[in-house]
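Worksheet: the structure to be examined is printed underneath.
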Amino acid sequence: METPHPTVAQKRRVFRALHASGYSTAFFFLIATWEIVWGLGLLRRSVTMLAVVALGVDMLGAVYTHYYNYFAHEVADPLANSLDALRMLCLLAYLAFALKSDQQTAARRQAVPVRRPIE
2 METPHPTVAQ KRRVFRALHA SGYSTAFFFL IATWEIVWGL GLLRRSVTML AVVALGVDML
62 GAVYTHYYNY FAHEVADPLA NSLDALRMLC LLAYLAFALK SDQQTAARRQ AVPVRRPIE
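Just add 1 to the spot in the sequence shown (first one is 1) and you have the numbering used here.
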């Protein structure tokens with residue numbers, strides 16, 4: 002039975018892959034913090050679109066890293082390695098579309114005058 006928390010071996014494997022890609026451990030913690038902060042930003046209506054863009058840039062960076070590793074370090078199957086980032090990009094695109102549609106609908110509601118019955 003798997004534990005919900007990563008084992009020491011799994012953590013080491015993540016950091017080895019990170020270092021093989023040319024990134025430092027500090028960069029890992031920067032990206033983790035970035036994702037947590039902007040993930041929480043998705044919950045705040047005032048910064049949701051900015052959070053979508055910030056996380057989108059992060060996911061594009063992840064896809065780039067997987068393809069770079071494929072060409073520079075011959076790591077197998079960059080598409081399979083990028084699937085999680087590509088899925089997140091699709092979800093972020095949907096969220097951006099939904100936010101834009103909601104903003105346009107709200108603007109239309111404000112622009113339409115309310116007809117009142119004549120007394």
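Ideal Cβ placement from N, Cα and C applies to all residues, glycine included.
Is the separation between the beta-carbon of residue i and that of residue j shorter than 8 Å?
i: A97; j: M50; result: yes
i: H74; j: A108; result: no
i: G42; j: A33; result: no
i: L19; j: F30; result: no
i: T26; j: F16; result: yes
Using a Cβ-Cβ cut-off of 8 Å (strictly less than) and excluding sequence neighbours within five positions of residue i, which residues of its own chain qualify?
i: M89; result: L56, M60
Between the options, which lies nearest to residue i when the distance is taken from Cα to Cα?
i: L84; options: H74, L100, H67, Y95; result: H67
i: A94; options: V58, F30, K12; result: V58
i: L87; options: R45, V64, R14, L100; result: V64
Using a Cβ-Cβ cutoff of less than 6 Å, which residues in the same chain neighbour residue i once the five nearest sequence positions on both sides are dropped?
i: Y71; result: P79
i: N82; result: H67
Under 8 Å, Cβ to Cβ, is there at least one residue of chain D near residue i?
i: T34; result: Looking for chain D here will not work: only one protein chain is present.
So within the segment 29 to 110, which uninterrupted alpha helix (DSSP H) runs reach at least 4 residues, ignoring any that extend past its ends?
49 to 74
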